[in-house]
Amino acid sequence: MLVADSPLLASVSCQLLLTFALACVILCAAAAGVGRAAGASLRPLSSNNLLTWKQTHMRRDRVAEDIYTFTSDLYAKVTAGVILTPEGTIVIDTLPFPSETREMLAFVEQQGTGTVRYVINTHYHSDHTNGTFLFPDADVIAHRRCRETLIESGEQRLAEARKQTPGLGEVTVRVPNITFERDMYVHLGERSLFLTPLPGHTGDCIGVFIDGDKILFAGDAMLPVPHVAWGDIETSVRSLQTIRALKPDTVIQGHGQLLLRGELAIEIESSLKYLNCIKEKVQQLLHKGASEADVLGIDIEACGKSRVPLDGLVQQLHRHNLLALYDRFVGEQEPREERVV
Ligand SMILES: [Zn+2]
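Sequential numbering from 220 applies to the sequence shown in our numbering.
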């Protein structure tokens, strides 16, 4: 369904379609380390090594002097950042596949500004943390809950993903060694970074705000469609309000295109409306005795969001949100295997 609905993917080869679809299934399942989706939804691949077939050509954007973003071409346009300073480099998130992490690393080495001193993980999901093992000499910074989750379940989820995704064979779990609970600053060279919790997508999500240039790396707290199936709507709303209060000039979303200040105001308003809309619509349907299928019939566009971003993956995020809300309202506790983004 993901593939068929995607206008971009419809124009590329069948093999690439399959590669992308498999990557989405596998990585999202691997990312789902909490609650009902915890690794239960991984499906065996029917053929081998598809994920190593494609050459990577990541998009790189320069968003300020010595600050760059990288956007994965292999999985759901997940983003990562590089901040170059005379005293070394800071990396924000490390991409899902080592081939792409190495591409980012090669760029850093070409700049000649020294080694990577710090890696910041915006949350524990594998599409943001898999590449961290390629920075063995860097300190890894994250929220305390990110470290705890990776210690508790990182190895198990990675083992599941590795069995089915050859492109992850060499990945090892790198646990953050510097953590914080509320806020923290990181200073390197002339750069000061403000790290603050932005929970809602998951409980350990953080944002990284760069003083001066007012650039916010928002992780998955900011997505084209909010994804709250592993978190909750209320904290996600508060995090969107926190992002707005920071008044960034540029926001790098966890997946997809960056947003400039004017776009951000519109996008936050739209996301707040969307969250309120799905909650109200699911509640209204359940009051009328509606079924799960009825709830899944709530159209993403009826809640003000486009079905196009992330090559159509947003529709899977929307579906996952609806299923999670349905389960929450009916008191469902048991995991169901099909619940994969
Ligand atoms: Zn993500």
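Even for Gly, the Cβ is constructed at its ideal location relative to N, Cα and C.
Just so you know, the alpha carbons of Tyr493 and Ala380 end up roughly 32 Å apart. Within the DSSP bridge table, the entry for Arg279 names Phe289 as partners. The beta carbons of Phe352 and Arg393 sit closer together than 9 Å. Sixteen is the threshold: when 16 or more other Cβ atoms of the shown chains lie within 10 Å of the Cβ of His362, as they do, the residue is buried. Residue side-chain check: His344 places its Cβ nearer than 8 Å to a non-hydrogen atom of ligand 1. Relative to the non-hydrogen atoms of ligand 1, the Cβ of Ala295 comes within a distance shorter than 8 Å of at least one. About 6 Å separates the CB atoms of Val427 and Ile339; that is less than 8 Å, so the two are in contact. Closest in alpha carbon position to Cys496, among Lys524, Ile471, Thr332, is Lys524.
Short of 6 Å from the beta carbon of Ile397, and not among the five residues preceding or following it, lie these beta carbons of its own chain, in chain order: Asp358, Ile360.
Leu414 is not a Cβ neighbour of Asp430, given a cutoff of 9 Å. Fewer than three Cβ pairs drawn from the stretch 324 to 340 and the stretch 469 to 485 lie within less than 8 Å of each other, which leaves the two stretches out of contact.
By the criterion of a C-beta distance shorter than 8 Å, Leu483 is surrounded in its chain by Ile462, Arg463, Pro467, Val470, once the five residues flanking it on both sides are discounted. Under the three-state reduction of DSSP output, Gly408 falls in the coil class, being neither helix nor strand. Counting only residues of its own chain and dropping the five nearest sequence neighbours on each side, Glu520 has a CB closer than 7 Å to the CB of Arg526.
Tyr404 and Ser458 have their alpha carbons spaced roughly 19 Å apart. Residues of the same chain with a CB within less than 6 Å of the CB of Lys296, apart from the 5 flanking positions on each side, are Thr290, His474, Gly475, Leu529 in chain order.
Between the stretch 310 to 319 and the stretch 382 to 389 there are three or more C-beta pairs closer than 8 Å, enough to call the two in contact. Nearest neighbour of Cys365 by Cα position, chosen from Arg336, Ser489, His420, turns out to be His420.
Within the chosen limit of 8 Å, ligand 1 reaches the beta carbon of His347 through at least one heavy atom.
Here Tyr287 is near Gly300, since their CB atoms are less than 9 Å apart. Secondary structure at Arg393: coil, using DSSP grouped into helix, strand and coil. In the three-state scheme derived from DSSP, where H, G and I count as helix and E and B as strand, Phe413 is classed as strand.
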